[in-house]
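Taking it in order: structure first as structure tokens, then the write-up.
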Amino acid sequence: MIDLLVAGGGPAGLATAIHAASAGMEAVVIEQRSTPVDKACGEGIMPGGVLALDALGIRVGGRALRGIRYVDGRYCAEAPFRDGSGLGVRRTELHAALARRAAELGVRVVTGRVGDVRQSTDTVSAGGLQARWLAAADGLHSPLRHSLGLDLPNRRPRRYGLRRHYRVDPWTEFVEVHWSPFGEAYVTPVGEGLVGVAVLSTMRRGYDAHLAHFPRLLQLLDGPTATPVRGAGPLRQRARRRTAGRVLLVGDAAGYTDALTGEGLALAMASAEAAVRCLRSGRPQAYEGCWRRLSRRHRLLTEGLVRLSSHAAAARLVVPAAARLPSAFAAAVHALQ
1303 MIDLLVAGGG
1313 PAGLATAIHA
1323 ASAGMEAVVI
1333 EQRSTPVDKA
1343 CGEGIMPGGV
1353 LALDALGIRV
1363 GGRALRGIRY
1373 VDGRYCAEAP
1383 FRDGSGLGVR
1393 RTELHAALAR
1403 RAAELGVRVV
1413 TGRVGDVRQS
1423 TDTVSAGGLQ
1433 ARWLAAADGL
1443 HSPLRHSLGL
1453 DLPNRRPRRY
1463 GLRRHYRVDP
1473 WTEFVEVHWS
1483 PFGEAYVTPV
1493 GEGLVGVAVL
1503 STMRRGYDAH
1513 LAHFPRLLQL
1523 LDGPTATPVR
1533 GAGPLRQRAR
1543 RRTAGRVLLV
1553 GDAAGYTDAL
1563 TGEGLALAMA
1573 SAEAAVRCLR
1583 SGRPQAYEGC
1593 WRRLSRRHRL
1603 LTEGLVRLSS
1613 HAAAARLVVP
1623 AAARLPSAFA
1633 AAVHALQ
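In this text, residue positions in the sequence shown follow my numbering: the first is 1303, and each later residue adds one.
Set out below in structure tokens:
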């Protein structure tokens, strides 16, 4: 009998499988795509996420990140990380490293679709396999979350993200968030001569049209593009709860607020660890409370910033306020670490 079947072989799913295998559980991952998979994410990992990767035995390259910087015209506010460095790394490199570590620990990856999920008193079946538990780590628009009736409607304006890389020398050791009344541009150094730029907005338009609202940033992107534009969204996803019988939702499938604060990967690592810990202790029902606690500050701060960004007048005040109140801005960044 498989102890834990993981639906989805992305970073959240592989982290869940690694935690399970490290705890002596047999873990099997079902994934239809070949590794590594590139997706439209900001690729900046907060210090807490870096520590979580270290605990998994994951070593990747990339660029060390010293903190967060907000930029808006003539205003600038920055807050260094207090507890270690963050990391900017290509998603493909991170995904490949997680896959290698999972293989080292004996995690089996099955190519295929999960399909329908059937549960009994003590087993769950999916993708032609049977296990004691199933971790649904199948992404932002989780088919399993939907099929289990756990989706909640989102009545707020929908936000979308687009990302592209440029072959330019990173000009900063900070993650830069450039603000405009029309959205934000999230800039992450991810390697030597490589910078990722993700634009976030409620407006549906082409990538270059979005960047036109950030003339100062455009002047810095004077090198050739390195990757095609990739998109994601709607970003905000809500779930009624994180458990349904013998199924636990992990990573983005568990619910997602927005990419603005860059905590997606760190929360994915944290939820993977929490899910396995609850299963190992024989208390799967405790996972919902664990998830809410570990994500609470992120949800509150990110939700607040997204609400401000949705109003042009309020969005213009964010960076000037952060510049005038550096201690408050530093405290907010520290809360997200």
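Ideal Cβ positions, reconstructed from N, Cα and C, are used throughout, including at glycine.
What you are looking at is a predicted structure, and each value in this text was computed from that prediction instead of being measured.
Looking at C-alpha atoms only, which residue of the options is the closest neighbour of residue i?
| i | options | result |
| --- | --- | --- |
| P1591 | G1310, A1616 and T1545 | The sequence given here places Gly at residue 1591; Pro does not occur at that position. That would be T1545, whose Cα lies nearest to the Cα of G1591. |
| Y1377 | R1601, R1518, Q1587 and R1582 | R1518 |
| L1367 | R1420, L1442 and V1497 | V1497 |
| R1540 | S1612, E1328, H1443 and G1430 | H1443 |
| I1332 | V1489, K1341, A1314 and L1513 | A1314 |
| R1460 | L1307, S1612 and S1629 | S1612 |
| R1542 | H1448, L1464, R1506 and R1507 | H1448 |
| V1362 | G1346, G1369, Y1372 and I1370 | G1346 |
| N1456 | A1588, A1614, P1536 and A1630 | P1536 |
Alpha carbon to alpha carbon, what distance is there between residue j and residue i?
| i | j | result |
| --- | --- | --- |
| Q1432 | D1305 | 9 Å |
| V1339 | L1316 | 12 Å |
| A1405 | G1557 | 28 Å |
| R1585 | D1453 | 24 Å |
| A1634 | T1604 | 10 Å |
| H1321 | P1491 | 29 Å |
| A1637 | G1430 | 43 Å |
| T1563 | A1616 | 17 Å |
| A1438 | V1531 | 27 Å |
| T1529 | S1422 | 46 Å |
| V1489 | A1309 | 31 Å |
| G1388 | G1351 | 8 Å |
| A1574 | A1568 | 10 Å |
| T1504 | G1485 | 7 Å |
| R1335 | A1624 | 42 Å |
Have a look at the DSSP bridge pairing and note the partners of residue i.
| i | result |
| --- | --- |
| R1410 | V1330 |
| F1476 | G1369 |
| A1428 | L1431 |
So, are the CB atoms of residue i and residue j less than 9 Å apart?
| i | j | result |
| --- | --- | --- |
| V1470 | L1522 | yes |
| V1330 | V1409 | yes |
| D1560 | L1607 | yes |
| R1599 | R1538 | no |
| A1428 | R1434 | no |
| A1534 | A1381 | no |
| A1500 | R1548 | no |
| L1596 | L1550 | no |
| A1487 | H1512 | yes |
My output table needs one value for residue i: the three-state DSSP class, helix, strand or coil.
| i | result |
| --- | --- |
| L1610 | helix |
| I1320 | helix |
| V1549 | strand |
Flag residue i as yes when its Cβ comes closer than 8 Å to any non-hydrogen atom of the ligand HEM, and as no otherwise.
| i | result |
| --- | --- |
| F1484 | This structure does not include the ligand HEM; it has no bound ligands of any sort. |
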